[in-house]
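K.L.:
Quick note, the sequences are listed as chains A and B, same order. First residue of the first sequence? That's 1 in my numbering, and the numbers climb one at a time after it. First residue of the second sequence? That's 382 in my numbering, and the numbers climb one at a time after it. I am attaching a structure below and will ask some questions about it afterwards.
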Amino acid sequence: MRNLSLILVLCAAAWAQRTLEYDHSVVSQVRIDARDLGYAPVDLIPSEESAIGALSVGPEGAIYGATSGKRSHLFVLYPEHGYVQPLGFLPGMTTVHKAIVVSKNGDVYIGGGNGSGHLLRYTPHNDEEKPIRVDVACDVADLGIPVPGEGVYAMAIDRARNVIYGLSYPNGQFFSYDIATGKAIIHGKVAEHNIPGEKFEKEKNIGRELLATAAGFVFVSGESGALYLFNESSQKLDKLRLTAPTVPGREVYNRVDAWAEDSKGMVFGGTSDGYLFRLDPKTLTLQNLGKPLNQYRIRGVVCAPNGKLYGVGGDDDEMARLFSYNPSNGAYEMLGMIDVNRRPYYAWQAYVIDAMAIGADGTVYLGQSERKSKLYLYYPE
Amino acid sequence: MNRSLCVLLAVAGIASGRTIQVDHRVFPGLERMDGNWAALFAASDGKVYAGLAYHGGDGHLVYYDSKADRIHDVGNLTELCGESNLKRGPQSKIHAKFGEGKDGRIYFGTHAGFWWDYARFATKEGYPGAHWMAFDPRTNQVQDFGLGVPNEGVNTGAYDPQFNRIYGLTHPRGHFVYYDVRTARAVDKGRINNWESICRTLGIDDEGNVYGSFGAGQIFKYDPRTDAIQELSVRVPIREKGISLGRDYFKSETAWRTVVWDRKMRLFYGIDESATILFSFNPRAGKDGEIHALGQLCIPGFEKRRDIPYATLSLTLGHDRKLYYGAAGKEFDYGGSAGAATAHLITYELDSGRKEDLGEMLLEDGGRVLGTNAADTGPDGTIYLVGAIEVKPAAGKALEAAGDIGGVPYRLALLIYHPR
Numbered sequence: 001m002r003n004l005s006l007i008l009v010l011c012a013a014a015w016a017q018r019t020l021e022y023d024h025s026v027v028s029q030v031r032i033d034a035r036d037l038g039y040a041p042v043d044l045i046p047s048e049e050s051a052i053g054a055l056s057v058g059p060e061g062a063i064y065g066a067t068s069g070k071r072s073h074l075f076v077l078y079p080e081h082g083y084v085q086p087l088g089f090l091p092g093m094t095t096v097h098k099a100i101v102v103s104k105n106g107d108v109y110i111g112g113g114n115g116s117g118h119l120l121r122y123t124p125h126n127d128e129e130k131p132i133r134v135d136v137a138c139d140v141a142d143l144g145i146p147v148p149g150e151g152v153y154a155m156a157i158d159r160a161r162n163v164i165y166g167l168s169y170p171n172g173q174f175f176s177y178d179i180a181t182g183k184a185i186i187h188g189k190v191a192e193h194n195i196p197g198e199k200f201e202k203e204k205n206i207g208r209e210l211l212a213t214a215a216g217f218v219f220v221s222g223e224s225g226a227l228y229l230f231n232e233s234s235q236k237l238d239k240l241r242l243t244a245p246t247v248p249g250r251e252v253y254n255r256v257d258a259w260a261e262d263s264k265g266m267v268f269g270g271t272s273d274g275y276l277f278r279l280d281p282k283t284l285t286l287q288n289l290g291k292p293l294n295q296y297r298i299r300g301v302v303c304a305p306n307g308k309l310y311g312v313g314g315d316d317d318e319m320a321r322l323f324s325y326n327p328s329n330g331a332y333e334m335l336g337m338i339d340v341n342r343r344p345y346y347a348w349q350a351y352v353i354d355a356m357a358i359g360a361d362g363t364v365y366l367g368q369s370e371r372k373s374k375l376y377l378y379y380p381e
Numbered sequence: 382m383n384r385s386l387c388v389l390l391a392v393a394g395i396a397s398g399r400t401i402q403v404d405h406r407v408f409p410g411l412e413r414m415d416g417n418w419a420a421l422f423a424a425s426d427g428k429v430y431a432g433l434a435y436h437g438g439d440g441h442l443v444y445y446d447s448k449a450d451r452i453h454d455v456g457n458l459t460e461l462c463g464e465s466n467l468k469r470g471p472q473s474k475i476h477a478k479f480g481e482g483k484d485g486r487i488y489f490g491t492h493a494g495f496w497w498d499y500a501r502f503a504t505k506e507g508y509p510g511a512h513w514m515a516f517d518p519r520t521n522q523v524q525d526f527g528l529g530v531p532n533e534g535v536n537t538g539a540y541d542p543q544f545n546r547i548y549g550l551t552h553p554r555g556h557f558v559y560y561d562v563r564t565a566r567a568v569d570k571g572r573i574n575n576w577e578s579i580c581r582t583l584g585i586d587d588e589g590n591v592y593g594s595f596g597a598g599q600i601f602k603y604d605p606r607t608d609a610i611q612e613l614s615v616r617v618p619i620r621e622k623g624i625s626l627g628r629d630y631f632k633s634e635t636a637w638r639t640v641v642w643d644r645k646m647r648l649f650y651g652i653d654e655s656a657t658i659l660f661s662f663n664p665r666a667g668k669d670g671e672i673h674a675l676g677q678l679c680i681p682g683f684e685k686r687r688d689i690p691y692a693t694l695s696l697t698l699g700h701d702r703k704l705y706y707g708a709a710g711k712e713f714d715y716g717g718s719a720g721a722a723t724a725h726l727i728t729y730e731l732d733s734g735r736k737e738d739l740g741e742m743l744l745e746d747g748g749r750v751l752g753t754n755a756a757d758t759g760p761d762g763t764i765y766l767v768g769a770i771e772v773k774p775a776a777g778k779a780l781e782a783a784g785d786i787g788g789v790p791y792r793l794a795l796l797i798y799h800p801r
């Protein structure tokens, strides 16, 4: 005869019930919360339009995000208010990859992905006092298409120099956009050939995120997992003798999914094969820090004020998990799956996280990227 | 007779020990099968199909040939999926409703058993995923349409003969998926709900629209003509929270538990999870349909109690225009039940709104029906349920049981009731 408590735990799928043991698998419930993308249940960025692909924190601390789906939406969260305020849909856009940045004057720039390629500018103005905007177009200025015929795959900003950097899709052209002059320049490309694969695989290996450092360097990965560096002073895009770390033989499939810079100027990256690495931008030396999760894809990394790096990993068909890395002792901590359980009021688990940002107060923001998505807030110790 | 008097009489019926005898058939050689949820279908040719679950092992597809009065084991689901040598999570269940195609085949999807707190389930090393399948009663063969939902199971499902599609909601991601049989196309429409509150029944109307519940009693509609999901403004009547029932933190009470389609009136009847609230849902009325609460189908006396059992999936519409509901006497979920209690058979007459508790379900030998979680109506009006029956130890014979419910050994059985 079976042990009843074992059955209670293991039969849970039948009832779709949540067991006490499940809480062991997820992020500590006193350190995480979630926000609907608007005022539930009606004034929300709708299902099929809510997948968050990009987050960025403005100089005043506001968190901006862009979604993908049938329409793309822009939203903002002011930490002092705590709720997500939809700012309207982005005209002509259905996809925004990691392509949202905020300039030093607070203007928000959004790069349109597949089928768009437009660069839009949104200038905030008393948004806190305005009503929720879901079915109205966001009042944006169209700055044109930086790379003709291509979508924007990733963007980063050098706030000090007022320059936006970007990468195009599907051909991986690296461009800069000078905010003051409105001039876009293509500096080269990071991929020439498709990834080796089956006949139906027709994609180039292009890094999914860019990093613009305070020192004026821009990092991105490209074909065969190679790392590229754009130097602001020389205005040159160089292929480095470095590749995103992975097991030998898989370099062609591996790319950098996420970047972060710590307060000392050290650069960290996470790869699609799930490895974390440290890159010293001065010496251009790379150190593989291993694989924090037995999963693919490190989809987001941020450096927190407490000195730790927080990252999220997991492929589209896996369960997203949060981890931390302490550079001072090299220790990883597995923080669990991204889940919020505030039953009977609300409960929601994120399986796919595609964007990550760190707020001015150290709150880690995680953007869910599914048909029905929410913004998660993680509060580090 | 007014309804309150009926309820009083029904309560009196319990007090006087009212019982109802149901016929039953066990599944020979499959006594270890430990559960059945929703997977029961009475086909037009008199065969009654059931999916028997076996946590940690291979589930089975079986059918009862009502004309020959014989149970047939179609086979082990893992084997039927061609995965016996895979050494990954077994195909432990059919966890959703079957359907009959215009070609006479019986369509369904498979599901996993254990989910291991997602440490293995929904990972690349765990359960391979649900298969879409069809059983052909003419050849006695199962056709495997292949892996439909990698790493996930079909938690909830329904088949629509009009569009020849098998629909499902996956566990754990709660995605709305379907398999289009004609074009052999598997489609994933994305996430509907959170994993612990995935609704357990998809309702299909006579136009082929598919309905399910999500969120706090919300309803979605999938239209196969537009291939689009719409979230409706109507709400399923659900008892307000505020008093913990002891299961609040563990179980969802925000969705409909099951619905049945009434071809005559062209509307759904359903019950909610929280308090077995019976409701009608007319999807054609108004902009987003209309819902009316009709009372509660729990065993009389439980209506306002905190220990009202979680609603079961055993709801079917009889040919006599009565809803038949297998009500649990205690929180029932096979080995995970709160204790042993005898299940009741409750009816609700649609034309008069009269509810009647037919009493505790007992077998021919006096054995108790400890709970049910699937019901359907045969072409001749016979009511079928699948559930757990008490197994009485017999001296000198090995106990043929799947486990125990509150210390009472049980096994699965097909229950047969012939309405008068």
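From the three backbone atoms N, C-alpha and C, an ideal C-beta is built for every residue, glycine too. Only a predicted model underlies this, so the values are computations on that prediction, with no experimental measurement involved.
If contacts are defined as beta-carbon pairs under 8 Å, then B/R413 and B/Y435 qualify, I think. What distance do you get, rounded to the angstrom?
P.N.:
About 6 Å separates the CB atoms of B/R413 and B/Y435; that is less than 8 Å, so the two are in contact.
K.L.:
Could you tell me if A/F200 is buried or exposed, where buried requires 16 or more neighbouring beta carbons within 10 angstroms of its beta carbon?
P.N.:
exposed
K.L.:
Closer than 9 Å, Cβ to Cβ, to anything on chain B: give me those residues from the stretch 29–42 of chain A, in chain order.
P.N.:
A40, P41 and V42
K.L.:
Between B/L528, B/A423 and B/Y444, which has its C-alpha nearest B/E464's C-alpha?
P.N.:
Nearest of B/L528, B/A423 and B/Y444 to B/E464, Cα basis: B/L528.
K.L.:
Determine the contact status of B/G480 and B/Y540, defining contact as a CB-CB distance below 7 Å.
P.N.:
yes
K.L.:
Where do the N-terminal and C-terminal ends of the beta strand (DSSP E) with B/T728 fall, by residue?
P.N.:
H725 to E730
K.L.:
Can you tell me which of B/S578, B/G427 and B/D561 puts its alpha carbon nearest to the alpha carbon of B/R554?
P.N.:
Comparing Cα positions, the closest option is B/S578.
K.L.:
What residues in the stretch 216–239 of chain A have a beta carbon less than 9 Å from any beta carbon of chain B?
P.N.:
none
K.L.:
If you run the structure through DSSP and keep just helix, strand and coil, what is B/A737?
P.N.:
The residue you asked about is not Ala; residue 737 of chain B is Glu in the sequence shown. In the three-state DSSP reduction, B/E737 falls in the strand class (E or B).
K.L.:
Determine which residues of the stretch 303–337 of chain A have a Cβ less than 9 Å from any Cβ of chain B, and write them out in chain order.
P.N.:
D315, D317, E318, M319 and M337: these are the residues of the stretch 303–337 of chain A whose beta carbon lies less than 9 Å from some beta carbon of chain B, given in chain order.
K.L.:
Any Cβ of chain B within less than 7 Å of the Cβ of A/K374?
P.N.:
A/K374 does not count as touching chain B.
K.L.:
Contact between the stretch 60–70 of chain A and the stretch 93–100 of chain A is defined here as three or more beta-carbon pairs at a separation below 8 Å; is this criterion met?
P.N.:
Output reads yes: the stretch 93–100 of chain A touches the stretch 60–70 of chain A.
K.L.:
What do you reckon, are the CB atoms on B/G571 and B/H556 nearer than 7 Å?
P.N.:
yes
K.L.:
Quick one: is A/Y379 near chain B, going by C-beta distance under 7 Å?
P.N.:
no
K.L.:
Less than 7 Å between CB atoms is the rule here; does B/E577 satisfy it with respect to chain A?
P.N.:
yes
K.L.:
Specify, as a first and last residue, the run of the beta strand (DSSP E) that B/L461 falls within.
P.N.:
From DSSP, B/L461 is part of no beta strand (DSSP E) but of the alpha helix (DSSP H) over L458 to L461.
K.L.:
Of all the CB atoms in chain B, is at least one closer than 7 Å to the CB of A/R250?
P.N.:
With its beta carbon at least 7 Å from every one in chain B, A/R250 lies outside the interface.
K.L.:
Using the DSSP secondary-structure output, state which residues sit across from B/G584 in a beta bridge.
P.N.:
B/Y592
K.L.:
Using the beta-carbon count (16 or more within 10 Å), is A/A13 buried or exposed?
P.N.:
Residue placement at A/A13 cannot be trusted, given a pLDDT of 42 that sits under 50; what the coordinates show is reported in the next sentence. Counting Cβ neighbours within 10 Å, A/A13 comes out buried, since at least 16 surround it.
K.L.:
Flag this pair as touching only if the stretch 666–673 of chain B and the stretch 716–726 of chain B have three or more C-beta atom pairs under 8 Å; answer yes or no.
P.N.:
no
K.L.:
What does A/W348 touch in chain B if you count any residue whose Cβ is under 8 Å from its own?
P.N.:
Contact annotation for A/W348 against chain B: N575 [CB-CB distance below 8 Å, chain order].
K.L.:
Distance cutoff 7 Å, beta carbons only. Does A/S25 sit that close to anything in chain B?
P.N.:
yes
K.L.:
Who are the Cβ neighbours of A/I195 in its own chain at under 7 Å, not counting the five residues just before and after it?
P.N.:
E201, E203, K204, N205, V252 and Y253
K.L.:
Chain A beta carbons: is any one of them nearer than 7 Å to that of B/V789?
P.N.:
With 7 Å as the cut-off, B/V789 does not count as an interface residue toward chain A.
K.L.:
Is there a C-beta anywhere in chain A that falls below 7 Å from the one on B/P531?
P.N.:
yes
K.L.:
For B/E612, which three-state DSSP category applies?
P.N.:
strand
K.L.:
What do you get for A/Y345, buried or exposed, if any count of 16 or more other CB atoms within 10 angstroms of its CB means buried?
P.N.:
Taking a 10 Å sphere around the C-beta of A/Y345, we find fewer than 16 other C-beta atoms and assign the residue as exposed.
K.L.:
Any contact of the stretch 37–46 of chain A with the stretch 103–111 of chain A, i.e. 3+ C-beta pairs under 8 Å?
P.N.:
no
K.L.:
Counting only Cβ pairs nearer than 9 Å, list the residues of chain A close to B/Y706.
P.N.:
Those within 9 Å of B/Y706 in chain A number zero; the least Cβ separation is about 18 Å.
K.L.:
Is it right to say B/P760 is buried, meaning 16 or more other beta carbons lie within 10 angstroms of its own, or is it exposed?
P.N.:
exposed
K.L.:
Going by DSSP, what residue range makes up the beta strand (DSSP E) through A/V27?
P.N.:
From DSSP, A/V27 is part of no beta strand (DSSP E); its letter is neither H nor E.
K.L.:
Please go through the same chain and pick out, in chain order, the residues whose beta-carbon is closer than 7 Å to the beta-carbon of B/Y499, but skip the five residues on each side of it.
P.N.:
P553
K.L.:
Considering only residues of the same chain and omitting the five flanking positions on each side of A/R71, which have a CB-CB separation below 8 Å?
P.N.:
E49, F89, L90, M93 and T94
K.L.:
Could you name the residues of the same chain whose beta carbon sits closer than 6 Å to that of A/N162, not counting the 5 residues immediately before and after it, in chain order?
P.N.:
I179 and A180
K.L.:
Can you check whether the C-beta of A/E49 is within less than 7 Å of a C-beta belonging to chain B?
P.N.:
no
K.L.:
Counting only Cβ-Cβ distances shorter than 8 Å, please list the residues of the stretch 593–612 of chain B near chain A, keeping chain order.
P.N.:
G596, A597, Q599, I610 and E612
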